[in-house]
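Q: Top line first, the protein sequences correspond to chains B and L.
Quick note: the working numbering has the first sequence finishing at residue 665, numbered continuously throughout.
Quick note: the working numbering has the second sequence finishing at residue 62, numbered continuously throughout.
Every residue, glycine too, gets a C-beta built ideally from N, C-alpha and C.
One structure, as structure tokens, below. Some questions next.
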Amino acid sequence: MGLTKSSTGNSAIDTFTTKNFNENGIVVALAGNPNVGKSTVFNELTGMHQHTGNWPGKTVSGAVGECEYQGDNFTIVDLPGCYSLKAHSPEEEVARDFIEEGNPDAVVVVCDATCLERNLNLVLQTIEKTNKVVVCVNLLDEAEKKKIKIDFKKLESLLGVSVVGTSARQKKGLSELLFQIKKVSEISKGEPKEETEIKDIIKRAEEIAKQTIKFENEKYDERDRKFDRILTGKSGYPVMLLMLLAVFWLTIEGSNYLSGYLSDFLFKTEEWIYDGFSFIGVPYIICEILIHGAYRMLIWVVSVMLPPMAIFFPLFTLLEDLGYLPRVAFNLDKCFKKCSACGKQALTMCMGFGCNAAGVVGCRIIDSPRERLIAMITNNFVPCNGRFPTLISIISMFVITTASGVLQSLESALVLLLVIILGIIMTFLVSKILSVTVLKGVPSSFTLELPPYRRPQIAKVLVRSIFDRTLFVLGRAAAVAAPAGLIIWIMANVSVGESTLLSHMSTFLDPLGKFMGLDGVILMAFILGFPANETVIPIMLMAYLSQGVLTDTPSMSELKNILLSNGWDMVTAINVMLFSLMHWPCSTTLMTIRKESGSLKWTLASFAIPTVCGFLICVLVNGIFHIF
Amino acid sequence: MKKTLECLTPGEWGIVCGIEGEEEMKRRLLDLGFVSGTKVNCLHKSPLGDPMAFGVRGAVIALRSEDSKNIYIKQ
């Protein structure tokens, strides 16, 4: 799964049909256990020619892609990862149905070379259903590191089907794979054999494994076990917190530099464009709206919001690729169990750090509908990528005591960590409350696989993710932020009666805002920031500027002055952070919840619950501070 | 009193001789390789003691105590 451009934002909720086939193409089903590198194989084969989405009628992810090899067209259908074709989870149903009734021309079962015996279970079950099978033994590079040797010829003769070794990450073996797929697609389909009992299949897998796999190093997984001893067990929680702290600190430190350069440069371009436009005779009004309205908003988003997003996301993706997240789920499972929720919620919570919409889609890994709902509703308590910059900006401006430099960003990171921990505590609390009130039930059982650690291709992941993320933010900035800037400008310059539309709206919201320790402009910014969380602070700043004292083009360092001159104090800052952590989900997330839950009622609940929590806590904090 | 997987501590191992419990969980466990005769190693414990991670047929699977106490072993 993972956080990519195609799995976050609006793409999280697409549906695709497997009817978009190239009719003359060879239809290939890609099956395999989870964690075998199936997605890598799929991505390497199909590249940009793929489309992800849901299986029609089910909330199970899938993808379809195309590729060409030696004149033949292949349509590759990525089946959900599953351990078996017999059991009754939705993933296994989808996989089994497609293999039995979808009539693929070939079925490729992708296996992990370092865990082949267990994978053979699915291979043998597949061979029972169809003879048009190619076994793809992937992750050969990992097997080599662990000195695991596989006798492919023997394996082929024992299984009775073609076996191809690949290392998809290194792009090795893929042409051979396609060649074998072509061969297999041409043989005639045999009759499905009688289903054997699982016990016998596993015994057979064990025998085959004994004859074909040699472990030259008995302690081949020693390194993984060492890592696991550190990352779980007694040192589990401290390590987790330190990791988060490190990620936050890198994000803050990096984005401080980037933001400075970007904003200096971009504000200059604003001037050039403005002068250029006026020079060629564009009317004053249009210049103002487009440049001081839309373009300026774009600049705010790109220079203040983009750097943290473009740094955090790749770091997080690295952790994900490494295989760390299942360990987090392992460590937090008991806490979730106490809240009558599912341990896998830890994973969806982590995904929410990247994008709440992706986190909500990720809740599909939770089987029980009740627990899935709890996970979806509480996902918003974890701030997404778009809310990090908001938190970071405010922390940097208001909460810091040290002067500058490395220590300052470390202090910011610590405060951010505290905020996140608060979000996690709220997640537990609300999950618990939900499961004793409206979503009552018993915690379901679960099994979790801790896959081997894989060294991520660091450079590749970083580059792809930074590129990915930057494009996404820029796209959203153009589609959402720029129009928002336009609207703000219009509202600030169009008067109805005595004051501007902007004044009207913020004055209207002011009493409620003040009650919460915020003000009308802040509330308005949150409301207008509904489509995209990263626009909240830019909208806020623009609104202050257009009705406030400072009229000049401000720089980053003057942001705090703008806020102070508009009545901000420490309490305001704290409450803005609290409300940012706990308020309604963004429009994309809300739409995703609607789609995934199929229920208007629960979508409204997901809107209301974080908002009510945020409201109550802000009022409480405001009250406490003003008593003293 | 028969021994179950739950009794193991990290470093110990046992051989599966039966699974009890709810049908669906049983099926899932069989698919993951916990069939009779399989050697299972206890590998890691979660910070709060539960779940625990077991090595089975080359993979590492984490199970909660209410499930691991349904898997009977002999040593």
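To which residues does DSSP link Ala68/B through a beta bridge?
A: Answer is Val146/B.
Q: Excluding the 5 residues preceding and the 5 following Met528/B in the sequence, name in chain order all residues of the same chain whose CB lies nearer than 6 Å to its CB.
A: The answer, listed in chain order, is Leu538, Leu539.
Q: Does any heavy atom of the ligand NAP sit closer than 8 Å to the C-beta of Gly273/B?
A: The ligand NAP is not part of the structure shown, which contains no ligands of any sort.
Q: Thinking just about the alpha-carbon of each residue, which of Arg262/B, Lys251/B, Ala132/B is nearest to the one in Tyr490/B?
A: Of the candidates Arg262/B, Lys251/B, Ala132/B, the one whose C-alpha sits nearest the C-alpha of Tyr490/B is Arg262/B.
Q: What does the Cβ neighbour count give for His329/B, buried or exposed, with the cut at 16 atoms within 10 Å?
A: So His329/B ends up on the buried side.
Q: Grab me the residues of Phe552/B's own chain with a C-beta within less than 7 Å of its C-beta, minus the 5 sequence neighbours each way, in chain order.
A: Same-chain partners within the cutoff: Val656.
Q: Chain B partners of Ile48/L, CB-CB under 8 Å?
A: What Ile48/L touches in chain B: Thr484, Leu485, Glu486, Leu487.
Q: Going along the chain, which residues of its own chain have a beta-carbon closer than 7 Å to the beta-carbon of Met413/B, five neighbours each way excluded?
A: Hits under 7 Å: Val397, Cys400, Ile630, Glu633, Ser634, Ser643.
Q: How far does the alpha helix (DSSP H) with Asp18/L in it reach, from first residue to last?
A: From DSSP, the alpha helix (DSSP H) with Asp18/L extends over 10 to 19.
Q: Let me know if Ile576/B comes out buried or exposed under the rule of 16 or more other beta-carbons within 10 Å of its beta-carbon.
A: Under this definition Ile576/B is a buried residue.
Q: Tell me, to the nearest whole angstrom, how far the beta carbon of Asn72/B is from that of Asp149/B; I am working on the premise that it is less than 8 Å.
A: Yes, Asn72/B and Asp149/B are in contact; Cβ-Cβ is about 7 Å, under 8 Å.
Q: Alpha carbon to alpha carbon, how far is Leu355/B from Ile495/B? Give it in angstroms, no decimals.
A: For Ile495/B and Leu355/B, the distance between alpha carbons rounds to 7 Å.
Q: Quick one: does Thr(-9)/L have its CB under 9 Å from some CB of chain B?
A: Closer than 9 Å: no.
Q: Which residue comes first and which comes last in the alpha helix (DSSP H) that contains Tyr298/B?
A: Here the alpha helix (DSSP H) through Tyr298/B covers 273 to 316.
Q: Please report the straight-line C-alpha distance between Ile525/B and Leu454/B, rounded to a whole angstrom.
A: Each residue's alpha carbon lies about 33 Å from the other.
Q: Hey, is Lys61/L's beta-carbon within less than 9 Å of any beta-carbon in chain B?
A: No, Lys61/L lies away from the interface with chain B (no Cβ there is under 9 Å from its Cβ).
Q: Grouping DSSP H, G and I as helix and E and B as strand, with all else coil, what is Gln87/B?
A: Strand.
Q: Let's see if you can read the secondary structure: which residues bound the alpha helix (DSSP H) around Glu130/B?
A: Looking at the DSSP string, the run of the alpha helix (DSSP H) that includes Glu130/B is 127 to 138.
Q: Using a Cβ-Cβ cut-off of 9 Å, state whether Asn175/B counts as contacting chain L.
A: Asn175/B does not count as touching chain L.
Q: Should Gln207/B be labelled buried (16 or more other beta-carbon atoms within 10 Å of its own) or exposed?
A: Result: exposed.
Q: Does DSSP put Trp605/B in a helix, in a strand, or in coil?
A: Looking at Trp605/B - three-state DSSP - the assignment turns out to be coil, as it is neither helix nor strand.
Q: Would you say Gly45/L faces chain B, with C-beta separation under 9 Å as the test?
A: For Gly45/L, the answer is yes, since a Cβ of chain B falls inside 9 Å of its Cβ.
Q: Using beta carbons (cut-off 9 Å, strictly below), is Gly1/L in contact with chain B?
A: With 9 Å as the cut-off, Gly1/L does not count as an interface residue toward chain B.
Q: Give me the Cα-Cα distance between Ser735/B and Asp18/L, rounded to the nearest whole angstrom.
A: Because residue 735/B is not part of the residues shown, which for chain B are 38 to 665, the question remains open.
Q: Is there a C-beta anywhere in chain L that falls below 9 Å from the one on Arg262/B?
A: Interface residue, yes.
Q: Can you grab the Cα-Cα spacing for the pair Glu129/B / Cys119/B, in whole Å?
A: Those two C-alpha atoms are separated by around 6 Å.
Q: Can you find the residues in the same chain that come closer than 7 Å, C-beta to C-beta, to Ala521/B, ignoring five residues on each side of it along the sequence?
A: Result list for Ala521/B: Met334, Leu565, Thr572, Ile576, in chain order.
Q: Could you say if the stretch 303 to 320 of chain B and the stretch 543 to 561 of chain B meet the contact criterion of at least three C-beta pairs nearer than 8 Å?
A: Too few Cβ pairs lie closer than 8 Å, so no.
Q: Could you have a look at Tyr106/B and say whether DSSP puts it in helix, strand or coil?
A: Strand at Tyr106/B.
Q: Answer yes or no: do Lys32/L and Pro(-3)/L have a C-beta to C-beta separation smaller than 9 Å?
A: It is a contact, given that the beta carbons lie within the stated cut-off.
Q: Verify whether the separation of the beta carbon atoms of Cys173/B and Val201/B is less than 9 Å.
A: Yes. Within cutoff.
Q: Roughly how many angstroms separate the alpha carbons of Val443/B and Leu268/B, rounded to a whole number?
A: Cα-Cα distance, rounded: 27 Å.
Q: Identify whether Lys219/B lies in helix, strand or coil by the three-state DSSP scheme.
A: Three-state DSSP puts Lys219/B in a helix.
Q: Taking C-beta to C-beta, are Ala569/B and Ala518/B nearer than 9 Å?
A: Yes. Within cutoff.
Q: From Ala514/B to Leu508/B, what does the alpha carbon distance come to, in whole angstroms?
A: Ala514/B and Leu508/B: Cα-Cα distance of roughly 10 Å.
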